[in-house]
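Visitor: Got a structure for you, written out below as structure tokens; questions coming shortly.
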């Protein structure tokens, strides 16, 4: 618990110490521009997943890495590397899917999908539609943005998510958890090289969707960087030894704005797994 909280409060100081000069990314592993944000799980917008962000395949189906099915949606996942087959158990359902096959087995009954799981950098990516249709996941799709929203009680069982919630502001200090919608982002991420801290910078374009003006000081586009065994997020309150205040300009109705966050791993072996965001406002 102390470690997780240290990572949170250290985030602002870490940005200053590391500097993040223009030469920090001489050989970046990832440079992404205008990446659309396509998935929300509970209150968390899912921006980045290792080794590739959620994306639409050639059949216009949203794809996510198998690891995220376990860690963000809460499924019990196993993977057979030789056969390239995954088994996912959730909500008293078991599905089996195979890379390159449009057949999904649901409790030993075969069904057809309109796309196929794929491999990318040794990671299996699976169609979100297959999860929603066959694992009884409550969901909806925003007709304007095509954002897929999934509700999963199992997400809150993730140990890092538990620590994040325990270390965050209490809900009675939040006015609206869906006042701000992240739309796109630019990401620069260094390689996970031996003897070097992985670090990066993200520029998020977001929109005030609250239906009303947001007063100065009330915006909280809250970003969370999840590494292997730790996380970093902005501390929304001051401590006895650190001022964590930042500018929070007023936002007019439907106004878009940009927010830049710099981040870095806390140790040399850690790699970035997820970037999440909550577009909320303070009371």
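In mature numbering (1 follows the signal peptide of the UniProt record, and there is no 0), the protein residues as written are -26 to -1, 1 to 257. Note that CB positions come from ideal geometry on N, CA and C, so glycine has one too.
Along the chain, where does the alpha helix (DSSP H) that runs through residue 173 open and close?
Guide: Residue 173 -> not in any alpha helix (DSSP H); beta strand (DSSP E) instead, spanning 173 to 182.
Visitor: Thinking C-beta only, is residue 182 closer than 7 Å to residue 188?
Guide: In contact: residue 188 and residue 182 (Cβ atoms closer than 7 Å).
Visitor: With DSSP collapsed to three states, give me the class of residue 90.
Guide: If DSSP states are grouped into helix, strand and coil, residue 90 belongs with coil.
Visitor: Rounded to whole angstroms, what's the CA-CA distance from residue 223 to residue 95? Just pull it up for me.
Guide: Near 41 Å, if we compare the C-alpha coordinates of residue 95 and residue 223.
Visitor: Is residue 71 closer than 7 Å to residue 39 when the C-beta atoms are compared?
Guide: No.
Visitor: Using only alpha-carbon positions, find the residue among 55, 64 and 78 that is nearest to residue 43.
Guide: For residue 43, the nearest C-alpha among the options comes from 64.
Visitor: Can you tell me the Cα-Cα spacing of residue 225 and residue 193, whole angstroms?
Guide: Their backbone Cα atoms lie some 8 Å apart in a straight line.
Visitor: Assuming contact is defined by CB atoms lying nearer than 7 Å, are residue 253 and residue 155 in contact in what I supplied?
Guide: Yes, these two residues count as a Cβ contact at 7 Å.
Visitor: Would you be able to state if there are at least three C-beta pairs under 8 Å between the region 236 to 245 and the region 165 to 175?
Guide: Touching, yes, given that three or more Cβ pairs across the two stretches are closer than 8 Å.
Visitor: What residues are listed by DSSP as bridge partners for residue 200?
Guide: DSSP output for residue 200 lists 205 and 248 as bridge partner(s).
Visitor: Which residue from 140, 139, 67 and 121 puts its Cα closest to that of residue 303?
Guide: Outside the shown range of the chain (-26 to 257) lies residue 303, about which nothing can therefore be said.
Visitor: To the nearest angstrom, how far is it from the Cα of residue 186 to the Cα of residue 231?
Guide: Spanning the two alpha carbons is a distance of roughly 15 Å.
Visitor: Taking 6 Å as the cut-off, is the C-beta of residue 61 nearer than that to any heavy atom in the ligand SAM?
Guide: Within the structure as shown, the ligand SAM is missing, as the structure has no ligands at all.
Visitor: So residue 125 and residue 117 are in contact, right, with Cβ under 8 Å, and what is the actual spacing, rounded?
Guide: Actually they do not touch by this definition, with Cβ atoms about 18 Å apart.
Visitor: According to DSSP, is residue 141 helix, strand or coil?
Guide: Residue 141 falls in the helix class under three-state DSSP.
Visitor: Within a Cβ cutoff of 7 Å, which residues of the same chain sit near residue 114, ignoring the five residues on either side of it in sequence?
Guide: Excluding sequence neighbours, residue 114 sits near 123.
Visitor: Quick check: what's the CA-CA separation for residue 8 versus residue 160?
Guide: Rounded to the nearest angstrom, the two C-alpha atoms are 5 Å apart.
Visitor: Looking at C-alpha atoms only, which residue of 206, 25 and 228 is the closest neighbour of residue 138?
Guide: Residue 138 has its Cα closest to that of 206, out of 206, 25 and 228.
Visitor: Let me make sure I understand the geometry here. Which of 179, 135, 202 and 242 has the alpha-carbon closest to that of residue 168?
Guide: Checked all of 179, 135, 202 and 242; the closest Cα to residue 168 is 242.
Visitor: Where do the ends of the alpha helix (DSSP H) carrying residue 103 lie?
Guide: That run of the alpha helix (DSSP H) goes 102 to 108.
Visitor: Provide the residue span of the beta strand (DSSP E) that contains residue 53, from first to last.
Guide: 50 to 54 is the span of the beta strand (DSSP E), which, as asked, contains residue 53.
Visitor: Give me the Cα-Cα distance between residue 86 and residue 35, rounded to the nearest whole angstrom.
Guide: Going by the C-alpha atoms only, they are around 14 Å apart.
Visitor: Should residue 180 be labelled buried (16 or more other beta-carbon atoms within 10 Å of its own) or exposed?
Guide: Buried, because 16 or more other Cβ atoms sit within 10 Å of the Cβ of residue 180.
Visitor: Using alpha carbons as the reference points, say which of 3, 29 and 41 lies closest to residue 129.
Guide: The shortest C-alpha separation from residue 129 is found at 41.
Visitor: Can you tell me which of the three DSSP states residue 150 falls into?
Guide: Residue 150: strand per DSSP, three-state reduction.
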